[in-house]
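Chains as they are written, first to last, in our numbering: chain R, 79 to 217; chain G, 79 to 217; chain Y, 79 to 217; chain B, 79 to 217.
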């Protein structure tokens with residue numbers, strides 16, 4: 079499954095180079111992840127109510143072209159790796175000319191509310207199955 | 079008591095007008111409040127460990143001159159009102175020419191960890207007394 | 079005219095009290111302003127291309143109830159004052175139970191690209207007329 | 079050369095997991111870079127006045143332990159790669175127990191004010207020489 083989010087950059091997200099500041103992209107990734115989980119019927123705040131937390135292990139960003147206020151972007155989110163304890167989300171951002179301007183990914187691990195790692199497949203096999211069915215083979 | 083914080087604006091805090099974005103100032107106020115409490119021997123995270131939370135009731139900002147990356151500013155924080163349940167912090171920001179470029183204030187209330195209002199004077203008379211002794215008469 | 083923006087708080091906008099951090103609201107106001115101008119046929123980036131800049135003179139926020147990740151809010155933006163050189167935008171935020179949780183306003187002035195004040199009515203009478211026709215009498 | 083920055087996390091940088099949100103680290107990296115350049119006698123805003131811009135090509139973050147409000151961290155910044163057109167900054171963050179909690183790096187390229195790539199060694203051999211003399215061999 080690929081989820082597409084339309085991004086309207088905020089004026090506050092610009093910097094004095096006149097572009098979207100690079101620290102904003104991980105925030106956009108998070109919007110993509112959250113919406114991806116919504117579409118799967120697993121809203122983040124419901125996941126947190128079950129006592130699960132999503133820990134970020136790593137974030138990677140490649141900047142191809144800069145983004146600007148007043149433009150509209152498409153953020154494409156996929157899950158490209160899944161194991162009992164970890165997942166990898168990947169992100170591709172396109173401008174209105176369908177040019178790829180940015181790529182990123184985050185590796186995440188599942189924790190309990192005490193922030194200890196958990197085996198998602200064991201603890202919540204139903205949730206694991208849903209993520210497994212959404213897995214993309216694209217990367 | 080007046081507490082002075084030296085502010086070095088972050089590049090990320092600029093916007094495409096080439097100035098510090100107006101939404102940054104409440105974050106600077108918070109730095110002022112946190113340091114003010116540190117100086118009083120009441121670090122925020124210790125206050126939170128006691129089960130107290132600081133709720134923001136209002137924030138007010140007046141912009142006189144814009145602030146810029148590469149400049150250095152002095153943020154002066156005072157407590158100008160105190161009651162059993164509320165406090166008012168005021169902020170004055172000066173540039174390196176000692177010109178006042180910004181004024182603001184926040185009104186805050188004390189809550190317990192369930193986010194219910196509490197009477198600070200009753201619950202923690204020692205903390206109340208410390209804030210009372212730091213009260214400025216300047217505004 | 080009243081413009082309504084649907085706000086889905088970002089996880090990144092939460093703080094360790096479990097609520098949306100108070101510094102986020104001026105960013106939401108800006109989204110309301112930007113969309114308001116879009117609806118009027120005056121997109122912000124087009125306004126900036128004409129050499130105009132919008133300077134923030136003041137921001138005022140009243141917090142009634144806290145906002146949370148996972149909830150959806152309606153932000154209602156109005157222009158409630160207009161003169162040759164200044165405008166006042168007001169904001170009301172409602173939760174999904176139609177309860178007012180927040181009110182704010184910003185006073186803004188029009189500048190040229192050298193960040194000097196301009197008389198909008200004189201310089202761009204057409205833009206002034208559009209804002210004038212959108213003026214709300216509600217506050 | 080290694081430059082060390084003391085980081086006092088801001089309350090606003092926390093999220094509802096009670097940790098510093100992962101999107102904050104690239105902002106801390108930027109503080110490290112800016113101070114690194116200050117120490118070299120090349121303040122960023124002076125570099126920008128010469129018509130140079132620093133473009134971010136990539137950002138990479140590895141999260142080992144989470145960071146918290148109320149704690150103090152040491153951010154160690156190094157330049158670990160340098161060519162005529164690019165540089166690599168690396169970052170190591172330690173907690174007050176001298177444990178490494180985070181590692182990151184950014185790859186940057188030099189641009190002119192029209193945001194076109196430039197050969198720094200050719201255009202500003204003096205600036206290039208200063209960066210070259212600060213190069214670390216550690217990674």
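Idealized CB from N, CA, C, for every residue including glycine.
Values in this document were obtained by computation on a predicted structure and should not be read as measured data.
Helix or strand or just coil, what does DSSP make of residue 100(B)?
Three-state DSSP puts residue 100(B) in a helix.
Beta bridge counterpart(s) of residue 188(G) as assigned by DSSP:
Answer by DSSP bridge pairing, in chain order: 132(G).
Grouping DSSP H, G and I as helix and E and B as strand, with all else coil, what is residue 123(G)?
Helix at residue 123(G).
Would you mind sorting residue 129(G) into buried or exposed? The rule is 16 or more other CB atoms within 10 Å of its CB.
With fewer than 16 Cβ atoms within 10 Å of its Cβ, residue 129(G) is classed as exposed.
For a contact defined as C-beta to C-beta under 9 Å, what are the partners of residue 88(Y) on chain R?
In chain order: 105, 108, 109, 112.
Three-state secondary structure (DSSP) at residue 182(Y)?
Residue 182(Y): strand per DSSP, three-state reduction.
Please list the segments of the beta strand (DSSP E) lying wholly inside the region 137-182 of chain B, counting only runs of 3 or more residues, in order along the chain.
Counting only runs of 3 or more, we get 151-160, 164-172.
By the three-class DSSP mapping on this structure, what secondary structure does residue 195(R) have?
Three-state result, residue 195(R): strand.
Short Cβ contact (8 Å threshold) for residue 169(Y) with residue 89(Y)
Cβ atoms of residue 169(Y) and residue 89(Y): not closer than 8 Å.
Along the region 176-187 of chain Y, where does the CB come closer than 8 Å to a CB of chain R? Name the residues.
Per Cβ criterion, the list is empty.
Using a beta-carbon distance below 8 Å, is residue 121(G) in contact with chain B?
It does; some Cβ of chain B falls within 8 Å.
Residue(s) in a DSSP beta bridge with residue 85(R):
Residue pairing by DSSP places residue 85(R) opposite 151(R) in a beta bridge.
Can you list, in chain order, the residues of the region 131-154 of chain Y whose Cβ is nearer than 8 Å to any Cβ on chain G?
Against chain G - using a Cβ distance shorter than 8 Å - the residues of the region 131-154 of chain Y are 131, 133, 134, 135, 136, 137, 138, 139, 140, 141, 144.
Using only the heavy atoms of the ligand SAH, determine whether one of them is closer than 7 Å to the beta carbon of residue 143(B).
Looking at this structure, you won't find the ligand SAH or any other ligand, since it has none at all.
Measure the alpha-carbon distance for residue 186(Y) versus residue 105(Y) and round it to whole angstroms.
Distance between the alpha carbons of residue 186(Y) and residue 105(Y): 15 Å.
Exposed or buried, residue 93(R), counting other C-beta atoms within 10 Å across all chains shown (16 or more means buried)?
It counts as buried.
Cα-Cα separation between residue 158(R) and residue 162(Y), rounded to whole angstroms:
Between residue 158(R) and residue 162(Y), the C-alpha separation is close to 55 Å.
Listed by chain order, chain B residues near residue 95(R) by CB distance under 8 Å:
Going along chain B in sequence order, the residues near residue 95(R) (Cβ under 8 Å) are 131, 193.
By how many angstroms is the C-alpha of residue 142(R) removed from the C-alpha of residue 178(R)?
When only Cα atoms are considered, residue 178(R) and residue 142(R) end up about 7 Å apart.
Since residue 206(Y) is in the alpha helix (DSSP H), which residue starts that stretch and which ends it?
Residues 203-212.
Any idea if residue 81(Y) is buried or exposed, counting beta-carbon neighbours within 10 angstroms, 16 or more meaning buried?
Classification of residue 81(Y): buried, given that the 10 Å Cβ count is 16 or more.
So, using beta-carbon positions, are residue 91(B) and residue 99(B) closer together than 8 Å?
Yes, the pair counts as a contact, with Cβ atoms nearer than the cut-off.
Bridge partners - residue 80(G), DSSP secondary structure assignment
According to DSSP, which records beta bridges pairwise, residue 80(G) is partnered with nothing at all.
CB-CB under 6 Å to residue 110(Y), same chain, minus the five flanking residues each way: which ones, in chain order?
Contacts found: 83, 153, 155, 169.
I'd like to know whether the C-beta atoms of residue 148(G) and residue 122(B) end up nearer to each other than 8 Å.
Yes, these two residues count as a Cβ contact at 8 Å.
In chain B, which residues lie less than 7 Å from residue 161(R) when you measure between Cβ atoms?
The contacting residues do not exist; residue 161(R) stays about 18 Å from chain B at best.
Contact check, residue 206(G) vs residue 173(G) under 8 Å by CB: the rounded distance?
Not a contact, Cβ separation roughly 35 Å.
Compare the C-beta of residue 174(G) with all C-beta atoms of chain R and state if any pair is closer than 8 Å.
It does not; no Cβ of chain R falls within 8 Å.
As a quick exercise: from 208(G), 215(G), 214(G), pick the residue whose alpha carbon is nearest that of residue 116(G).
When only C-alpha atoms are compared, the closest one is 208(G).
For a contact meaning CB atoms closer than 7 Å, what does residue 101(R) contact in chain G?
What residue 101(R) touches in chain G: 90.
C-alpha gap between residue 191(G) and residue 125(B), whole angstroms:
Whole-angstrom Cα-Cα distance: 48 Å.
I'd like to know whether the C-beta atoms of residue 138(G) and residue 138(Y) end up nearer to each other than 8 Å.
Closer than 8 Å, so yes.
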